[in-house]
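What follows is a single structure, written as structure tokens, with notes after it.
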Amino acid sequence: MPTAFAAAEIVLDDLLDLDTYPIHQLTHPVRAELVAETRSQMRAVGCCRIPDFVRPDTVRQMQAEAAALHDQTYWSVQNHNPYFSPDDDRFEPDHPRRTFQHRESGFINADLLPPDSPLRRIYDSDVVLHFVWECLDTTRPVYRWADPLGRNPYGVQAPGHSLPWHFDGNEFTVSMLAQNADEGGIFEYVPNIRRPEQENYEHVAHVLAGGRDGVRQLNLRPGDLQLFAGRYSLHRVTPVRGKTVRYNGLPSYVHDPFRMNRPYHSENIYGRATQLHMDRALLEVDGLVD
Ligand SMILES: [Fe+2]
0 MPTAFAAAEI VLDDLLDLDT YPIHQLTHPV RAELVAETRS QMRAVGCCRI
50 PDFVRPDTVR QMQAEAAALH DQTYWSVQNH NPYFSPDDDR FEPDHPRRTF
100 QHRESGFINA DLLPPDSPLR RIYDSDVVLH FVWECLDTTR PVYRWADPLG
150 RNPYGVQAPG HSLPWHFDGN EFTVSMLAQN ADEGGIFEYV PNIRRPEQEN
200 YEHVAHVLAG GRDGVRQLNL RPGDLQLFAG RYSLHRVTPV RGKTVRYNGL
250 PSYVHDPFRM NRPYHSENIY GRATQLHMDR ALLEVDGLVD
């Protein structure tokens, strides 16, 4: 039965577990319960996990897709601060703005995904967009993102890689883990450690120095859907060990679909920036560093 969303719908039944999670049935009580529970977790800690959301066959397709594109991964090896901003000697030497940690990981950029990509189809679905929007419990509009590289890439961490503490440039990230590491690769976060106009540098410095106050762990499994507010919560992925590459599908939803990653950020993380990245970087947004 068609839903209320689009004239030409993406068929989700073979991609997502709609039997357990009837997100396409707007008035279904199970959907209402799921939205309420997710909202409450997002309010409390800015993070929520919906287990086994993606069907096992689709998870396997995502693993195969990521493996097939693996050689086109843009690997970045660099030291960066949590804000992806250049060094700034107006701050003290041990300030978070001047604390650079080693990052080694990659992205399979969104513009590499083929038209029939399962990750792309899930991202392009209005049913999923509206479900995510409701879960985020915001009165502001939520959109798919214009950024051609960062809108729905795979994050890739090979054994030995690490993704140190940082904030995201976009407001929310939805993760769909495709393949886990043998060991490590654990998502850690500090809920709502900063807010607009209030960076809370002292607590950030504590965590960067190895402190564990406020640090939480989330052990994601392939097929889980994770909602995360990454602009305000410092987060990282612990070093990956063993033999298996970690692939994480990252469909990114935003309040402002027009703005993209700043060129410095995009070049460092995705390997390039387009002219649109340059043009749109001139917009003022929320007063945070990045
Ligand atoms: Fe992030």
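Just so we're aligned: 186 in numbering that gives the first Met the number 0 is position 187 of the sequence shown, and the numbers increase by one with no gaps anywhere. Glycine is no exception: its CB is placed at the ideal position from the N, C-alpha and C atoms. Model, not experiment: these values are computed from the prediction.
| Check | Outcome |
| --- | --- |
| Output yes or no for whether 8 Å exceeds the beta carbon distance between Tyr327 and Phe83. | Since the first and last residues shown for the chain are 0 and 289, residue 327 lies out of range. |
| By the three-class DSSP mapping on this structure, what secondary structure does Trp144 have? | coil |
| Keeping to the same chain, check which residues put their C-beta closer than 6 Å to that of Val244; ignore five residues upstream and five downstream. | Ala157 |
| Considering only residues of the same chain and omitting the five flanking positions on each side of Tyr312, which have a CB-CB separation below 8 Å? | A question about residue 312 goes unanswered here, because the residues of the chain that appear run from 0 up to 289. |
| Go ahead and label His234 buried or exposed: buried means 16 or more other beta carbons lie within 10 angstroms of its beta carbon, across all protein chains shown. | buried |
| Report the option in Leu162, Asn218, Gln178 whose CA atom is closest to the CA atom of Ile268. | Leu162 |
| For Ile107, name the three-state secondary structure that DSSP assigns. | strand |
| Taking its Cβ as the centre, do 16 or more other Cβ atoms sit within 10 Å of Gln178, making it buried, or is it exposed? | buried |
| Rounded to a whole number of angstroms, what is the C-alpha to C-alpha distance between Arg102 and Ala208? | 16 Å |
| Just jot down, in chain order, the residues whose CB lies closer than 6 Å to any heavy atom of ligand 1. | His165, Asp167, Gly229, His234 |
| Use the C-beta contact count for Gln71: other C-beta atoms within 10 angstroms, 16 or more gives buried, fewer gives exposed. | exposed |
| Starting from Leu224 and walking both ways along the beta strand (DSSP E), at which residues does that stretch end? | 224–227 |
| Mapping DSSP to helix, strand and coil, what is Gln62? | helix |
| From Leu249 to Thr172, what does the alpha carbon distance come to, in whole angstroms? | 7 Å |
| Taking the alpha-carbon of Arg119 as reference, which of Arg240, Pro147, Arg139 has the nearest alpha-carbon? | Pro147 |
| Looking at the structure shown, is Ser75 part of a helix, part of a strand, or coil, going by DSSP? | strand |
| Relative to the alpha-carbon of Lys242, which residue among Pro221, Asp12, Glu182 has its alpha-carbon at the smallest distance? | Glu182 |
| Within this structure, are the beta carbons of Leu135 and Leu11 separated by less than 8 Å? | no |
| According to DSSP, is Thr37 helix, strand or coil? | helix |
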